[in-house]
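A short write-up of the structure that comes next.
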Amino acid sequence: MGYMGDYSMCICFPKKFGVSEAGPPVDVKEIFMKYATGGGSGMTVEQLRRFLVEVQGDVEASMEDAERIVEEVFKRRHNNVKLPELALSLEDFQFYLFCVDLNPPLLNKVHQDMTAPLSHYFIYTGHNSYLTGNQISSDCSDVPIIKALKRGLRVVELDLWPNSSKDDVLVLHGWTLTTPVELIKCLRSIKEHAFSASPYPVIITFEDHLTPDLQAKVAQMVIQTFGNMLFCPPESDCVKEFPSPEELKYRIVISTKPPKEYLEDKNLSSRGSNSLKDKDSDEDTWGRMSADLTNDDDKSDCDASEHSQCDGDNEACDQLLRPLGAPAYKNLISIPAGKPKGKLREKLKVEKDKVRRLSLSEQKFEKATVCHGTDVVRFTQRNILRIYPKGTRVNSSNYNPLIGWMHGAQMVALNMQGYGKPLWLMHGMFGSNGGCGYVKKPDFLMNVGPNDQVFDAKAKLPVKKILKVKVHMGDGWHLDFKQRYLNLWSSPEFYTRVGIAGVPADKTMKKTKKRKGNWTRVWDEEFTFQLTVPEIALLRIEVHEYNMSEKDDFAGQTCLPVSELRPGFRAVPLFNRKGEKYTSLRLLLRFEKSGMPKQNFKVCLCWRRIFKTRVVEPPPDVKNAFNHFSRSGTMTVDDLLTFLIEHQGENNATKEDAQAIFDSLKHLNIFHRRGLHLEVFFRYLLGDHNLAHPPSSKVHHDMTAPLAHYFLFTGHNSYLTGNQVISASSVEPIKDALLRGVRVIELDLWPNSKGDDVEIRHGGTLTSPVDLQKCLQAIKENAFHASEYPVVITFEDHLNPNLQKKVAKMVTETFGDMLYRSETENMQQFPSPESLKKRILISTKPPKEYLGENRGDVSETESGRRNPSDVGEHFPDEDEEYTVVQYRQLIAIHAGKLKGGLENWLSDDPMKVRRLSLSEQELENAIRTHATKIVRFTQRNLLRVYPKGTRLDSSNYNPFVGWMHGAQMVAFNMQGYGKYLWIMQGMFKANGGCGYVKKPDFLLQRGENDEVFNPSAPLEVKTVMRVLDLLITAPFGSFTILILP
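Under full-length UniProt numbering, think of the first position of the sequence shown as 1, with each following residue one higher.
Have a look at this one:
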């Protein structure tokens, strides 16, 4: 018998782990000590309000908000709301932070603009919304529809099929073993529950496999069920723009393929007029589907109603399928669906005069994004794109919805009866905007660049936002998991996974360390994420329990839209695998978001410090001024008036002015009716009522002098959206300039390719044109929004007399009485801005000079070149003399260079005034030898300076060179940017921002010997300006500079 050895038995007694409440994390203790009274004995209502504003970023938090929180905490923890002095203890404060309803991570109300067309929104969309389980053998029911609507779903899909006797309509998944449900039952359930979670419209998409008789029956059911809830589109053959969610509140919207198109399909001619064996539009075929499931190019993913019952060429069949019911069915359709014939790119073609819905399977969509990604984005800017799961997802699984969202697809349809990460992402996205089921698409998906460029999801993008997430602690597992997970004789090892779902560059996943011990877990670990497209990024959070021998146990998940995360400490509820919220389980997280500084060059960011936003302490000088003019810590209206006069130097200030300042501050939560406290006084100093040049300040310069006595806010190539070579010409930059206060608009007039009409473009370049009439209309509509003083339009004219006549007609008809016409051909003095209020002036070179000039002469325009093919050969006709007179009568400010050199250009004719244009190079050359002559010329005449031709990037030059020599029209590329444009904008904030600034007297004066100001001469110091202190802060997202005298 072999030796068996001695064995010792070790009996291990497990330690019993009780459920006890963990103490607050370190950061919570520190923040409480910072804001609470007397070293942390208690946090009063006022202190809690400061915490809400400074840490939580709730800048609008009022005393009432803070008081409501304190009372609610006392009610829940102490069953007492009537204590004389309510103050939160540290435990109370932690309890508040952990309350999801009092401290949620997202806003719980609709806050996005809901007045844009439907195509501007992502819409919460379901697929086969009637199925209770898998796609093959589950039951069809109205129960999953009701559950989805209660969750906030806004698009419900119903597959319509005839019953066995062909006299009624059922909802079922065709060519499968799913059991049907009656259509009327589904419609009634939708009516009852449509708006239980959101007031915004519910869209029902019909996948239609019906004969016209049954379509008529469906129309009758829909109308009788929904009544006035049903939105019926205006009577029109096509929809030109979708209505907005706001317009459609509490309305039901029907989307399917119009029956006319249904009848025209030819897909089923070989199957007979009563065959219904193809699955509708959006599905891969069920039944005979082995080939369909492997071939992406089949007909299975075309729109349902694209499968007709008979050949459209069969005349007998066509007559058979044309009952009176078709118009009634068609009139239900607010969102027409269907695919144009042709290849994928043809299906994505955008039509100017109508919009529609297109459905693509996830496979077809992936193919489209690879080959036509920007076409998809462009299509979804006006039209609606629906994506649905591929046919092989028989278990009702789902695909990644972010692929659709990053290309602008509005209806990313998922199987709501399934579960898993794609559905978690879907629920997370539609937690945005108060959970109303409509989320406004980011601007970058709607913007169109100069050359019709749109967002390219494949392009490499720079980091735009930094998100910091600190996972403090979690609680509630012992309550929600007690039946299945809670084991008081073991020690759980929870860890949290934190990551980003978004564009590929942003996708990442990190995790905390495993923590052993109490069931209330404290991690206190921080993670940083750099995001290139934060607008569609989702913060993914999962909690797992470590299991050494098996797969780690799932312990909760959530997804949160990054763009809507509220900063500060937040209570985050967790959900189960099916997306159902746990009763007690939640995490305490802290969020910080910051922008990434712009970099025009490659750098290595080794260290990056993120500064916390906080309320700025008033500087000592502000405190001293407040103490001097206030009484007992309060500044009354009379005290403020004294401050305005004695300290601010506003000698004309009245008590009404001081009261107006008071009234403007009443909306602040910290305002007290008895007067201004220091904090409110400081807000006033940083506000709009204390600007160096307030935007509402009045015009105060003398406006009765001739135009030559003013600097004019002047644009160059005002129609260009970008650079000078390949950008688009458009009315938008003209509108923007006028709304900013620009008073001189430049238009380059060229013949179109046929030579029979006039367009605006930058000649000799690849810039695309815009119609002259559109530009004139835009000027008329926007000319006097920012200022009532005259707008001057400078024409750079490359036209023959016939087209000049056409321009004269356009200008006269567009502006009518707004157009100023000079009484004399040669003015000896320009009229004043005051006399020209709300008038349009035309300035260009007279046609007589244009017609008589040699083609080789120097043009008044800066391009200095004309293409004969653009101008067209000139053949005088009998009406030419009338044409010239008519065009010339438009010209209020004559332009042109006299023959000869610079000396002649700058000559001052006492009998008439005119406009001269010089490039920045010509001006710089001229001031070396003719500086004083330029000043003398500009005392009566107008001088326009424009950028040199090498500024292809629409950059600008130093405007002071022109202004110090008296040049009135220093023309800038308004679509550019940089310090010179900042200087230009700063100059024209003067005089109430009216676009006209009176030139200093020294530029207009002449001495005893006819001498004028010489900018090149050395000058004595005239004024000293002292800035004693600068305080730079950023209240409410904008930068303010406070100058303390």
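In this text, a Cβ means the ideal position worked out from N, Cα and C, and glycines have one as well.
Remember, predicted model here, so these are calculated numbers, not experimental data.
Checking the sheet assignment: what are the DSSP bridge partners for Phe569?
Its beta-bridge partners are Arg590.
Strictly by DSSP, which residues pair up with Cys559?
Cys559 is bridged to Arg540.
Going by beta carbon distance, what residues of the same chain come within less than 7 Å of Ala931, once the five residues before and after it are set aside?
Here the set comprises His965, Asn1014, Pro1015 and Ser1016.
Are the beta-carbon atoms belonging to Arg357 and Leu332 less than 9 Å from one another?
Cβ distance not < 9 Å, so Arg357 and Leu332 don't count as in contact.
To the nearest angstrom, how far is it from the Cα of Asp139 to the Cα of Thr179?
Taking the straight line joining both Cα atoms gives about 5 Å.
Is it true that the CB of His427 sits closer than 9 Å to the CB of Phe569?
In this structure, His427 does not lie closer than 9 Å to Phe569 by Cβ.
Going by C-alpha distance, which of Asp375, Ile146, Tyr419 and Ala61 is nearest Arg393?
Measuring from the Cα of Arg393, the nearest candidate turns out to be Tyr419.
Residues in its own chain within less than 6 Å of Gly556 by CB, not counting five upstream and five downstream?
Hits under 6 Å: Val543, Leu574 and Leu585.
Can you give me the Cβ contacts of Ile983 inside the same chain, cut-off strictly under 7 Å, excluding the 5 residues immediately before and after it?
If we look at Ile983 and ignore the five residues flanking it on each side, its Cβ neighbours are Pro959.
Apply the 10 Å Cβ neighbour rule to Phe554 and answer buried if 16 or more other Cβ atoms are within range, or exposed otherwise.
With fewer than 16 Cβ atoms within 10 Å of its Cβ, Phe554 is classed as exposed.
Quick check: the Cα distance between Lys330 and Ser165, rounded to an integer number of angstroms?
The alpha-carbon atoms of Lys330 and Ser165 are separated by roughly 24 Å.
Taking the alpha-carbon of Gly976 as reference, which of Leu720, Phe206 and Ser334 has the nearest alpha-carbon?
The shortest Cα separation from Gly976 among Leu720, Phe206 and Ser334 belongs to Leu720.
Give the DSSP-derived three-state secondary structure of Gln733 in the structure shown.
According to the sequence as given, residue 733 is Pro; it is not Gln. Pro733: helix per DSSP, three-state reduction.
From the DSSP output, in three-state form, read off Gln968 for me.
If DSSP states are grouped into helix, strand and coil, Gln968 belongs with coil.
Less than 9 Å between the beta carbons of Ile335 and Val253, yes or no?
Their beta carbons are under 9 Å apart, which means Ile335 touches Val253 by this criterion.
DSSP state of His930, grouped into three classes?
Looking at His930 - three-state DSSP - the assignment turns out to be helix.
What is the residue span of the alpha helix (DSSP H) that Asp621 lies within?
Note, Asp621: alpha helix (DSSP H), Pro620 to Phe629.
Looking at the unbroken alpha helix (DSSP H) that takes in Thr532, where does it start and where does it end?
Run containing Thr532: none; DSSP gives neither H nor E here.
Could you give the C-beta distance for residue 1060 and Lys698, rounded to a whole number, given that I count them as a contact under 8 Å?
Residue 1060 lies beyond the residue range present for the chain, which begins at 1 and ends at 1045; the question has no answer from this structure.
Verify whether the separation of the beta carbon atoms of Asp771 and Val758 is less than 9 Å.
Result yes, Cβ atoms of Asp771 and Val758 sit closer than 9 Å.
Please tell me whether Glu592 and Leu467 are closer than 9 Å, where the distance is taken between their beta carbons.
A contact, by the Cβ cut-off of 9 Å.
Please state whether DSSP places Leu90 in a helix, a strand or coil.
In this structure, Leu90 counts as helix in the three-state DSSP scheme.
Phe122 by DSSP, collapsed to three states: which one?
Looking at Phe122 - three-state DSSP - the assignment turns out to be strand.
Does DSSP classify Lys364 as helix, strand or coil?
Three-state result, Lys364: helix.
How far does the alpha helix (DSSP H) with Leu425 in it extend, from its first residue to its last?
Its alpha helix (DSSP H) spans residues Lys421 to Met429.
At 3 residues or longer, and completely inside the region 774-810: list those beta strand (DSSP E) runs for me, N to C.
Counting whole runs of 3 or more residues, the region 774-810 contains the beta strand (DSSP E) stretches 791-797.
Going by C-alpha distance, which of Ile145, Asn134, Ser198 and Asn398 is nearest Thr176?
Closest option to Thr176, Cα to Cα, is Asn134.
Put Ala728 into one of helix, strand or coil per three-state DSSP.
Looking at Ala728 - three-state DSSP - the assignment turns out to be strand.
Met411 by DSSP, collapsed to three states: which one?
Strand.
Determine the direct distance from the alpha carbon of Gln417 to that of Pro25, and round the result to whole angstroms.
Taking the straight line joining both Cα atoms gives about 39 Å.
Drop a sphere of 10 angstroms on the beta-carbon of Phe1002, count the other beta-carbons inside from all chains shown, and report buried for 16 or more, exposed for fewer.
When all chains shown are included, Phe1002 counts as exposed.
Kindly indicate which three-state DSSP category Thr636 falls into: helix, strand or coil?
Three-state result, Thr636: coil.
When you compare only the Cα positions, how much space is there between Arg1026 and Pro620?
Whole-angstrom Cα-Cα distance: 18 Å.
Given this structure, state the Cα-to-Cα distance separating Asp58 from Leu52, to the nearest angstrom.
Taking the straight line from one Cα to the other gives about 5 Å.
Ile123 and Met411 look like a contact to me (Cβ under 8 Å); what is the Cβ gap, rounded to whole Å?
Correct: roughly 6 Å between the Cβ atoms.
In this structure, how does DSSP classify Glu813 when only helix, strand and coil are distinguished?
It is helical.
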